[in-house]
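A.B. asks:
Number of protein chains: 2
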Amino acid sequence: MADPERSTELLWGAKGRRGLNTQRIVRAAIEVAAAEGLEAVSMRRVAERLGFTTMSLYRHVPGKAELIDLMRDEVMGEAAPGDGGPGRETGWRGEIASWARASLALYRRHPWLTESPGTRSVPGPNAVAGFDWALGVVSRTGLPPAQVVAVVTFVGGFVESAARRIVETERMERLTGVGEEEWWGARGSLFDRLRDDYPALERVYREGAYDEPLDPFEFGLERVLDSIEVLVRDERRDESRCQVCGNPVETPAKGRPRSYCSRACQQRAYRMRRG
Amino acid sequence: MADPERSTELLWGAKGRRGLNTQRIVRAAIEVAAAEGLEAVSMRRVAERLGFTTMSLYRHVPGKAELIDLMRDEVMGEAAPGDGGPGRETGWRGEIASWARASLALYRRHPWLTESPGTRSVPGPNAVAGFDWALGVVSRTGLPPAQVVAVVTFVGGFVESAARRIVETERMERLTGVGEEEWWGARGSLFDRLRDDYPALERVYREGAYDEPLDPFEFGLERVLDSIEVLVRDERRDESRCQVCGNPVETPAKGRPRSYCSRACQQRAYRMRRG
DNA sequence: TCCGCTTGTTTATGGCGTACACATAGTTGT
DNA sequence: ACAACTATGTGTACGCCATAAACAAGCGGA
């Protein structure tokens, strides 16, 4: 019972402060990335921040690439289905929009996500959870499963692309101190001289395309949702596509028209019907 | 007239072989990236390939970041409008599809493009030329200029996103030697145990979503084109949007309905009408 | 007590981008 | 013709990076 200082440390701080573990390393790396960008994340910097030597990290993490994978999956957990989506919109259109906006918010909260490799690595549990959540949302459209997956991929790709653009633009503005419209404005005179080289650009510029530019994310999201709406509407009674996988199905010249593209899909539909 | 060896060198090789210049450096860097990937591109490696010292490069290129910018712009020149588009499809839908497929081909020809920073830097002349070409294609839809720019951004973002996914998938397969469907197949048993954690994923998987997956690029392209079609159709007589910039325009309760969202757009329309 | 395992440290290697001082060849002004 | 200057390539050096390999200290069980 002597030395209450040490007792307290052991009881309360043992797991938390004493000793290294994977989670502490990952969290420290995220802090470095948040403060100074992904390119500032090095094994040295992370170890310094934790008060350990560089090599100590390798007892808990195989290498830097894996550390970045872990960082990605860690923050992916923030958009977990637990919160039930931020907007609580009704109908699949609103739900997908909410999902897209929540994903964008995630990318903006962690701008380094757009710089890190991405699909290169094995998806982690949190990433899969987000994927699963999105599948659930898109499933409510009633599309066949293969199309549900394709739609989730499509929307996810759009959001990542738009987020990358936004984050890069913001970084550019912060770095150079000059906003986008000023930049284009300053180039106006340049375009005057390049009128012959870039006729279409010169034309839309002259017609005021850049005076009140549309928000790329909201514009793109609207397009994405429109396209899904077309798909859902057409899919309802489109006899020319397989009910299971959505691939086109050949219509035989005579006889009963087919509902499935292959014997395999027919069997799957049967099994689904049975439970 | 003595030493024909040297004379030949001077006459034929002077510009081509003797001496360094920016273009030779850029081309050598592209060769390295093509052979061993972007991460293998270092100032040392590029200099070695040219038979010069590392530091000699800095007489012609400010630094590595700028070199990569130059590499990007160099290959962007390949999709120049000169070839008139590869498919020579008719109608804006076919033209945009051709543009998208040509861009995808460019990314596949130079997989390192998807790894390099991207929008981070100032666009080069060839990139702007490609942008200009795309603007010309999309302009034929008859959309207002601000929407033309937004559509080009949208389509370009989609293609880059899809290309990144494709290139990463291919690299993964080449690296691990295992195809995507095998990978998911091997994880099938894993999903069985995680049935409770990922219900939606488990469900679409069981319903055969991955048995005959849709091509993400072709599926997405179809969606993108559908959404533009909706936009073009709606835009034809949509009185609630500005004819110039496409922003929504307020409808006054009484009196003549407005055609433009602002005095500025009204003036621009007037100027355009006059020539 | 000794053994083996976990965890953190020390030292070393090879690669990277690039700053800086120097060398040499070509050009220009007188 | 000669000096000054500029353009271009080289050699050396610094600090950072990821990580391999050997080592050391603590700790649990036999």
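Protein chains in written order, with the numbering used here: chain E, 7 to 281; chain G, 7 to 281. A virtual CB, placed ideally from N, CA and C, is assigned to each residue, including glycine.
Buried or exposed: A46/G, going by 16 or more other Cβ atoms within 10 Å of its Cβ?
C.D. replies: Result: exposed.
A.B. asks: What residue ranges within the segment 34-112 of chain E form continuous alpha helix (DSSP H) runs of no fewer than 4 residues, ordered along the chain?
C.D. replies: Within the segment 34-112 of chain E, the complete alpha helix (DSSP H) runs of at least 4 residues are 49-56, 70-82.
A.B. asks: Please decide whether S48/G counts as near chain E, where near means a Cβ-Cβ distance under 8 Å.
C.D. replies: It does not: the Cβ of S48/G has no partner Cβ on chain E nearer than 8 Å.
A.B. asks: Whole angstroms are fine: how far does the CA of G148/G sit from the CA of M82/G?
C.D. replies: Cα to Cα, the separation comes out at about 27 Å.
A.B. asks: Taking the straight line between their C-alpha atoms, what separation do you get for A270/E and E213/G?
C.D. replies: Cα to Cα, the separation comes out at about 11 Å.
A.B. asks: To the nearest angstrom, how far is the alpha carbon of E235/E from that of L237/G?
C.D. replies: Distance between the alpha carbons of E235/E and L237/G: 13 Å.
A.B. asks: Restricting to runs no shorter than 4 residues, where is the alpha helix (DSSP H) found entirely within the segment 153-184 of chain G?
C.D. replies: For the segment 153-184 of chain G, not a single whole alpha helix (DSSP H) run of length 4 or above is found.
A.B. asks: What number of angstroms, rounded off, separates the C-alpha of A103/G from the C-alpha of A111/G?
C.D. replies: The straight-line gap from Cα to Cα measures roughly 12 Å.
A.B. asks: Exposed or buried, S48/E, counting other C-beta atoms within 10 Å across all chains shown (16 or more means buried)?
C.D. replies: S48/E is exposed by the Cβ-count criterion.
A.B. asks: When you compare the CB of R78/E with every CB in chain G, is at least one pair closer than 8 Å?
C.D. replies: For R78/E, the answer is no, since every Cβ of chain G falls outside 8 Å of its Cβ.
A.B. asks: Can you find a C-beta in chain E that's less than 8 Å from the C-beta of P222/G?
C.D. replies: It does; some Cβ of chain E falls within 8 Å.
A.B. asks: Determine, for L44/E, whether the minimum Cβ-Cβ distance to residues of chain G falls below 8 Å.
C.D. replies: Output row for L44/E: interface = no.
A.B. asks: Any beta-carbon of chain G closer than 8 Å to the one on G83/E?
C.D. replies: No, no contact with chain G.
A.B. asks: Closer than 8 Å is the cut-off here; do at least three beta carbon pairs connect the segment 125-138 of chain G with the segment 172-181 of chain G?
C.D. replies: With a cut-off of 8 Å, the segment 172-181 of chain G and the segment 125-138 of chain G do not count as touching, because too few Cβ pairs lie within range.
A.B. asks: So V238/E contacts chain G; which residues on that side make the cut at Cβ distance below 7 Å?
C.D. replies: Going along chain G, no residue has its Cβ under 7 Å from V238/E, so there is no contact; the nearest lies around 11 Å.
A.B. asks: Let me know the secondary structure DSSP gives Y204/E once reduced to three states.
C.D. replies: Note: Y204/E maps to coil in three-state DSSP.
A.B. asks: Mark M77/G as exposed unless 16 or more other C-beta atoms lie within 10 angstroms of its C-beta, in which case mark it buried.
C.D. replies: Buried.
A.B. asks: CB E80/E to CB I36/E, shorter than 8 Å?
C.D. replies: In this structure, I36/E lies closer than 8 Å to E80/E by Cβ.
A.B. asks: Using a Cβ-Cβ cut-off of less than 9 Å, list which residues of the segment 198-215 of chain G approach chain E; keep chain order.
C.D. replies: Listed in sequence order: L200, D203, Y204, P205, A206, L207, E208, R209, V210, Y211, R212, E213, G214, A215.
A.B. asks: Taking Cβ positions only, does G88/G come closer than 8 Å to chain E?
C.D. replies: With a pLDDT of 45 at G88/G, under the threshold of 50, the predicted position of this residue should be treated as unreliable, and no value is reported.
A.B. asks: If you drop the 5 nearest sequence neighbours on each side, which residues of the same chain put their C-beta closer than 6 Å to that of V173/G?
C.D. replies: Closer than 6 Å at Cβ, skipping near neighbours: P117, T120.
A.B. asks: For A140/E, which residues from the same chain have a beta carbon less than 8 Å from its beta carbon, with the 5 sequence-adjacent residues on both sides left out?
C.D. replies: Around A140/E: W105, V158, V161, G162.
A.B. asks: Would you report the Cα separation of Q272/G and D240/E, rounded to the nearest angstrom?
C.D. replies: For Q272/G and D240/E, the distance between alpha carbons rounds to 39 Å.
A.B. asks: Using the beta-carbon of each residue, which ones in chain E are nearer than 7 Å to L141/G?
C.D. replies: What L141/G touches in chain E: A206, L207, V210.
A.B. asks: Nearest-angstrom Cα distance between Y113/E and D138/E?
C.D. replies: Approximately 18 Å, taken between the alpha carbons.
A.B. asks: Three-state secondary structure (DSSP) at G226/G?
C.D. replies: In this structure, G226/G counts as helix in the three-state DSSP scheme.
A.B. asks: Is the shortest distance between the beta-carbon of L26/E and the beta-carbons of chain G less than 8 Å?
C.D. replies: False, the Cβ-Cβ gap to chain G never drops below 8 Å.
A.B. asks: Between R170/G, S145/G, F58/G, A71/G, which lies nearest to R99/G when the distance is taken from Cα to Cα?
C.D. replies: Considering only alpha carbons, the answer is S145/G.
A.B. asks: Going along the chain, which residues of its own chain have a beta-carbon closer than 7 Å to the beta-carbon of R38/G, five neighbours each way excluded?
C.D. replies: The sequence given here has Val at residue 38/G, not Arg. Same-chain partners within the cutoff: A46, V47, R51, V52, R55.
A.B. asks: With 8 Å set as the bound, which would you pick, yes or no: does the beta-carbon of Y97/E sit closer than that to a beta-carbon of chain G?
C.D. replies: The question names Tyr, but residue 97/E in the sequence shown is Gly. By this cut-off, G97/E is not an interface position.
A.B. asks: In chain G, what lies closer than 8 Å to A135/E by C-beta?
C.D. replies: Simply D203, Y204.
A.B. asks: Name, please, each residue of chain G whose Cβ falls closer than 9 Å to the Cβ of Q153/E.
C.D. replies: Those within 9 Å of Q153/E in chain G are A215, L220, F225.
A.B. asks: Could you round the C-beta distance between L44/E and S127/E to whole angstroms and report it? I think they count as a contact, below 8 Å.
C.D. replies: With 8 Å as the limit, L44/E and S127/E do not qualify as a contact, their Cβ atoms being about 15 Å apart.
A.B. asks: Which residue's Cα is closest to the Cα of V155/G: S167/E, D75/E, L207/E, D202/E?
C.D. replies: V155/G has its Cα closest to that of L207/E, out of S167/E, D75/E, L207/E, D202/E.
A.B. asks: Check each candidate in Y204/E, P205/E, R177/E, L227/E and name the one with the smallest Cα separation from E42/E.
C.D. replies: When only C-alpha atoms are compared, the closest one is R177/E.
A.B. asks: Leaving out five residues before and five after S62/G in sequence, what residues of the same chain have Cβ atoms less than 7 Å from its Cβ?
C.D. replies: Hits under 7 Å: L26, A53.
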